[in-house]
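There are 2 protein chains.
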Amino acid sequence: MGGDHAPQAPIAGALRALAELPPQHHIDLIGRSAVVRAELDAQLAAHAEFAEHRSRISIVDAPDVIEMTDKPTVALRGKQQSSMVVGLRRCVDGLDEGFVSAGNTGAQMAASTVLFKLHAGLTRPAIGAMVPTAQQPVLILDAGANVDCSAEELVQFARIGDVYARHLLGRTLPGIGLLSIGEEAEKGNSAVKEAHQLLRKADLNFIGNIEGRDIPNGACDGSPLDVVVCDGFVGNVLLKFYESVAPFLIGVVAKSVGLDTATVTRGLKQLDVDEYGGAPLLGVRGVSIISHGSSSPRALKNAIRMAFTASESGMNEEMGRRLAATNGNAA
Amino acid sequence: MGGDHAPQAPIAGALRALAELPPQHHIDLIGRSAVVRAELDAQLAAHAEFAEHRSRISIVDAPDVIEMTDKPTVALRGKQQSSMVVGLRRCVDGLDEGFVSAGNTGAQMAASTVLFKLHAGLTRPAIGAMVPTAQQPVLILDAGANVDCSAEELVQFARIGDVYARHLLGRTLPGIGLLSIGEEAEKGNSAVKEAHQLLRKADLNFIGNIEGRDIPNGACDGSPLDVVVCDGFVGNVLLKFYESVAPFLIGVVAKSVGLDTATVTRGLKQLDVDEYGGAPLLGVRGVSIISHGSSSPRALKNAIRMAFTASESGMNEEMGRRLAATNGNAA
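Residue numbers (my numbering), protein chains in the order written: chain A, 334 to 664; chain B, 334 to 664.
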């Protein structure tokens, strides 16, 4: 029920996802069942090619709706029958393997943390966002779940980013960069300077401090960059800046070469913002994918694929093992 | 003597600046005099059109050289005869009205703060950097002088940014935005949340929290944006990201439309990074313009123009008056 285009966009995304996923996979649409059923029927009537997938869809009733303006903790306590709480609880109960929402991000983070719980050794979850670069896309972590992070929390983000990059992105030895304002170890704010020292001793491929300029290059001094570690304030500012500066710059270039912006944009597969469609909430013991409120059906389809892949990859089990091993070493 | 292309680029920039500035203006080239004189003579011999400006140039000997790797405070104490210290001291002594350097930024900040001193009511200076947007360029403040800023310091940046925008950019009622991760007053890290409350009560055109996405738009919810207030960690990351993401995106677009990147870039006057050529260090009682180490002669010419304009505009006198009035009100 969440997001700007609910329930149309999530249902359209689900139908498209089923067409791409192996036939044994199934999707539960969670929300006000009468509304969801009417929309599903309308979409199936309009798109005959999806009719064959009808048997792989169930509707689960969730009468409460968390509004985009609801406070996360209030929503969590007061709206136990919302699609957010019902859906996450189904994962905890083993009825579903992953959860995707374009609804209230704060509520999704809070509910995922409370219901899934964090892996041992973590104090906070983090949002991982993929951004395009001149090389392979990089994971920015944290992209907005946490502000005012400690050095230890930045190191936690590095650890969970490392597991995600190996399991979901297929990077064999992920290059972990710590976002700062200079490459030297003594550059940065106090949390970053302390995190730098901790990361140098960690069992990670820590490539050192990186600067804002290294992100679009996808590398720092020749070392490939896979994970950018930063607090959620910086990560969120950067991510939203990127989302906005790309169309601005494309528009300026299109105008200067005398082309229509839409024409130029269509040719830019590398910058397709729907390619990932969602950002995983990492560090929780479950799969919770956060999508933009304005997500298109294609973005939501890709977010659902991400949830399936995260579940099938065994990422969470590996994250638990890796963090337990680290905690054991530290003790 | 500072920067990657010294003394060639600064001297070439100075000659170009003299050609544009009113004839009563004069430039002092400060550095190892034999080296500077040889380079100046060579450039004058090669470019006959600059010969008429020779009488408006003096060479001031400064035998010490601050290296890019020198620690700022060590350089300041140990290299009293460097072009940095000699040049700033000439401003203090009334022999020059402004100082421009492409040398060691940390040393320039430290030396400018110690020698010029701060305006009353300020605890730190801030670097103001101009960035292009879909509307008018905006000033990002602080772009890297300070990390770990307090709420009060963010408010100081807003005050000095307001004066700069009025006096140097000609904005009549500058729109001041506080960079955060959501528009609501309760969004942000702890310093930003507190600064938001202070700015609402300040005698400024505070347009509220802005997000990363609002910067390329040059506006937030219809309010024109002139000054972006943030700590120097976020500002520096964002600025370096912008400097790098622009050529990356232009390259991607150029390739997709089958044009050469250099051809496309030449047409983009709006994104010309040399247009400002330098970033003013604001809050000090004097004019100190910080240029990139890699600055071109054209960038340095524009940085020198900025120094002249800053001096002639009476910006510093006005900043002192405005801050004194604020301090008086607060007392």
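For each residue, glycine too, the CB sits at the ideal point set by N, CA and C.
In the displayed model, residue 401 (chain B) falls within coil according to three-state DSSP, outside both helix and strand. When the beta-carbon positions are compared, residue 474 (chain B) and residue 454 (chain B) stay at least 7 Å from each other. Cα atoms of residue 420 (chain B) and residue 380 (chain B): separation of roughly 26 Å, rounded to the nearest angstrom. Counting only runs of at least 4 residues, the stretch 589 to 620 of chain A fully encloses the following alpha helix (DSSP H) elements, listed from N- to C-terminal order: 594 to 599. Residue 391 (chain A) and residue 361 (chain A) have their C-alpha atoms some 5 Å from each other. Comparing alpha-carbon positions, the option among B:598, B:471, B:620 lying closest to residue 429 (chain B) turns out to be B:620. Residues are counted here when their Cβ sits less than 9 Å from a Cβ of chain A; for the stretch 603 to 635 of chain B these are 603, 604, given in chain order.
For chain A, the residues of the stretch 527 to 561 of chain B that bring a beta carbon within less than 7 Å of one of its beta carbons are 544, 545, 546, 548, 549, 550, in chain order. When the beta-carbon positions are compared, residue 435 (chain A) and residue 646 (chain A) stay at least 7 Å from each other. Judged by DSSP secondary structure, residue 514 (chain B) falls outside any alpha helix (DSSP H); it is assigned neither H nor E.
Contact between the stretch 566 to 582 of chain B and the stretch 544 to 551 of chain A is present: 3 or more CB-CB pairs across the two stretches fall below 8 Å. Restricted to the stretch 334 to 362 of chain B, the alpha helix (DSSP H) segments that are unbroken, complete and at least 4 residues in length are 341 to 353, listed in chain order. Taking 7 Å as the cut-off between beta carbons, the residues of the stretch 462 to 487 of chain A near chain B are 467, 477, 480, 481, in sequence order. In the DSSP assignment, residue 632 (chain A) falls outside any beta strand (DSSP E) and within the unbroken alpha helix (DSSP H) covering 630 to 645.
From the listed residues B:352, B:572, B:387, the smallest Cα separation to residue 472 (chain B) is found for B:572. Under the three-state reduction of DSSP, residue 464 (chain A) is assigned to strand. With its beta carbon less than 7 Å from one in chain B, residue 597 (chain A) belongs to the interface. With contacts defined as CB atoms closer than 7 Å, residue 603 (chain B) and residue 585 (chain A) qualify as a contacting pair. For residue 582 (chain B), at least one C-beta of chain A is nearer than 7 Å to its own C-beta. Taking 7 Å as the cut-off between beta carbons, the residues of the stretch 511 to 528 of chain A near chain B are 512, 514, 521, 522, 523, in sequence order.
By the rule that beta-carbons nearer than 7 Å mark a contact, residue 490 (chain A) does not touch chain B.
Residue 445 (chain A): member of the alpha helix (DSSP H) spanning 438 to 449, first to last residue. By the Cβ neighbour-count rule, residue 417 (chain B) is buried, with 16 or more other Cβ atoms within 10 Å of its own.
Counting along the chain, the unbroken alpha helix (DSSP H) around residue 490 (chain A) starts and ends at 484 to 500. If you ignore the 5 residues before and after residue 467 (chain A), its C-beta comes within less than 7 Å of the C-beta of 549, 550, 551, all in its own chain and listed in chain order. Residue 374 (chain A): member of the alpha helix (DSSP H) spanning 366 to 379, first to last residue. Taking a 10 Å sphere around the C-beta of residue 633 (chain B), we find 16 or more other C-beta atoms and assign the residue as buried. Contact check for residue 626 (chain A) against residue 476 (chain A) fails: the beta carbons are separated by 7 Å or more.
Under the Cβ criterion (8 Å, minimum of three pairs), the stretch 639 to 655 of chain A does not count as touching the stretch 348 to 368 of chain B.
For residue 337 (chain B), the closest alpha carbon among the candidates B:401, B:393, B:397 is that of B:401. When Cβ-Cβ separations below 7 Å define contact, residue 577 (chain B) makes contact with chain A. Separation of residue 601 (chain B) and residue 589 (chain A) (C-alpha to C-alpha, rounded to the nearest whole angstrom) is 7 Å.
Within the stretch 401 to 419 of chain A, no residue has a Cβ lying closer than 8 Å to any Cβ of chain B. Counting along the chain, no beta strand (DSSP E) covers residue 547 (chain B); the unbroken alpha helix (DSSP H) around it starts and ends at 547 to 550. Counting only the Cα atoms, residue 524 (chain A) lies some 37 Å from residue 412 (chain A). In chain order, 348, 351, 352 place their CB closer than 8 Å to the CB of residue 386 (chain B), counting only its own chain and leaving out the 5 sequence neighbours on each side.
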